[in-house]
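In this note's numbering, the protein residues as written are 1166 to 1538.
Glycine residues also receive a C-beta, built at the ideal position from the N, C-alpha and C atoms.
Bear in mind the structure is a predicted one, so any value in this text is a computation, not a measurement.
Remarks on the structure that follows.
Okay, here's the thing in structure tokens:
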């Protein structure tokens, strides 16, 4: 393994936090591809999911303009170099994709790609899919390879966690809940613990005291995640559920997101919701928390804002979420939305809601999501 620069290692830590923050599997896969693209400086990235017949059954890509993606039409199924990566389950790094003996060229309307980095994403002892990156100016380096392999390890653990959560939501029988609790303890907690050991080992390679402290903080957050999982396991084994407090959950989320940036995030839940708070369904609270997480994370990472305000209010048969920053803003008519905003829109639409974004250069951004109650 190469010695990773402090700046890129810090980017890796932030990227890991973004990936693991997603409980929805599709959003998680998009976040992994986008994080890998941003971390390496590649123009395009994708995460392909491998099916039972060793072909790609899903292909989540970032970096393509919508018109280009539409013109290409069919998504890859795993031929050429992509097929070689599926069969070998080993990292492939190329300066020029066309020089590989298994290269089969590109379909009509596909942009030309030369530099290539492909890394398997493993869940347990099986390859779940592959992470693909192309078109980095100057080509991919050994350091890029190490960083993306680390991201793939983190993504694999996050996929396992997401799958386990999905299974838990489908199962209500006491025996099944007990079995899931054991699997969470024996598999997921051990994976998170292993990632913590990996970070601690990488910290020993750094001489900068500030960077070491950042890593120690990240390891501390992983320890907190393990503690939360253990509480979750305890709750699984209890026969009854307890009410959830939206204010407490939102405050915890924004604190975890904002602490690394040192930016104040104010959370306000309107008084007229106080009597309803424990009556909100668990699914609705999940949607609110994930939307606030996505919008807040996007503002922290990209806006350069000194402060963020999160408001949750009730309307006529609806719940209104507003996240406002004082950052640099953008023109929604011309800007290419990053995966953060795309994931946010996806979550809102999945919950039957609508998303509105108001932004102007140097005037900040307001994200407003209306969800039905």
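Identity of the residue in the options nearest residue i by Cα
i            : options                   : result
residue 1131 : 1389, 1237 and 1525       : Since the displayed the chain opens at 1166 and closes at 1538, residue 1131 lies outside it and no answer follows.
residue 1245 : 1431, 1413, 1293 and 1265 : 1265
residue 1182 : 1375, 1235, 1463 and 1528 : 1463
residue 1203 : 1173, 1275, 1251 and 1527 : 1173
residue 1386 : 1291, 1357, 1367 and 1366 : 1357
residue 1232 : 1255, 1268, 1276 and 1219 : 1276
residue 1388 : 1373, 1365 and 1377       : 1365
residue 1162 : 1411, 1170 and 1227       : The structure shown has nothing for residue 1162, since the chain only spans 1166 to 1538.
residue 1412 : 1445, 1426 and 1371       : 1445
residue 1253 : 1510, 1447 and 1284       : 1284
residue 1506 : 1467, 1448 and 1525       : 1467
residue 1454 : 1418, 1371, 1278 and 1249 : 1418
residue 1447 : 1426, 1410 and 1425       : 1410
residue 1330 : 1304, 1279 and 1189       : 1189
residue 1255 : 1279, 1311 and 1227       : 1311
Cut-off 6 Å between Cβ atoms - residues of its own chain near residue i, not counting five sequence neighbours on either side
i            : result
residue 1531 : 1489 and 1523
residue 1281 : 1259, 1262 and 1299
residue 1537 : 1483 and 1517
residue 1535 : 1483, 1485, 1518 and 1519
residue 1187 : 1193 and 1196
residue 1421 : none
residue 1533 : 1487 and 1521
residue 1337 : Its pLDDT being 48, under 50, residue 1337 is placed unreliably in this model, and the value from its coordinates should be taken loosely. Same-chain partners within the cutoff: there are none.
residue 1429 : 1472
residue 1469 : 1492 and 1493
residue 1219 : 1251
Beta-carbon spacing of residue i, residue j below 9 Å
i            : j            : result
residue 1178 : residue 1359 : no
residue 1516 : residue 1491 : no
residue 1354 : residue 1394 : yes
residue 1296 : residue 1191 : no
residue 1326 : residue 1200 : no
residue 1379 : residue 1431 : no
residue 1368 : residue 1381 : yes
residue 1450 : residue 1414 : yes
residue 1251 : residue 1292 : yes
residue 1423 : residue 1461 : yes
residue 1309 : residue 1205 : yes
residue 1459 : residue 1494 : no
residue 1452 : residue 1512 : yes
residue 1426 : residue 1362 : no
9 Å Cβ cutoff, residue i in contact with chain C
i            : result
residue 1210 : Here there is only one protein chain, and chain C is not present.
Residue i (DSSP reduced to helix, strand or coil)
i            : result
residue 1274 : coil
residue 1242 : coil
residue 1295 : strand
residue 1231 : helix
residue 1256 : coil
residue 1425 : helix
residue 1435 : coil
residue 1522 : strand
residue 1373 : coil
residue 1226 : strand
residue 1287 : strand
residue 1180 : helix
residue 1279 : coil
residue 1170 : coil
residue 1189 : coil
residue 1339 : With a pLDDT of 48 at residue 1339, under the threshold of 50, the predicted position of this residue should be treated as unreliable, though the coordinate-derived value follows. It is helical.
residue 1496 : coil
residue 1354 : helix
residue 1220 : coil
Close Cβ partners of residue i (< 7 Å) along its chain, the five nearest in sequence each way excluded
i            : result
residue 1207 : 1298, 1299, 1300 and 1301
residue 1288 : 1321, 1324 and 1325
residue 1294 : 1212, 1213, 1214, 1215 and 1286
residue 1406 : With a pLDDT of 40 at residue 1406, under the threshold of 50, the predicted position of this residue should be treated as unreliable, though the coordinate-derived value follows. Hits under 7 Å: none found.
residue 1224 : 1211, 1213, 1240 and 1241
residue 1176 : 1204
residue 1268 : 1245, 1246 and 1262
residue 1229 : 1209
Cut-off 8 Å between Cβ atoms - residues of its own chain near residue i, not counting five sequence neighbours on either side
i            : result
residue 1433 : 1474, 1475, 1476 and 1477
residue 1514 : 1520
residue 1526 : 1493, 1494, 1495 and 1496
residue 1371 : 1171, 1174, 1377 and 1380
Heavy atom of the ligand SAM within 8 Å of residue i beta-carbon
i            : result
residue 1282 : Judged by which ligands are present, the structure shown has none, so any question about the ligand SAM falls away.
Fill in: Cβ contact check for the segment 1229-1243 and the segment 1256-1265: 3 or more pairs under 8 Å
no
Worksheet item: Is the segment 1315-1324 touching the segment 1215-1223 in the sense that three or more CB pairs, one from each, lie closer than 8 Å?
Response: no
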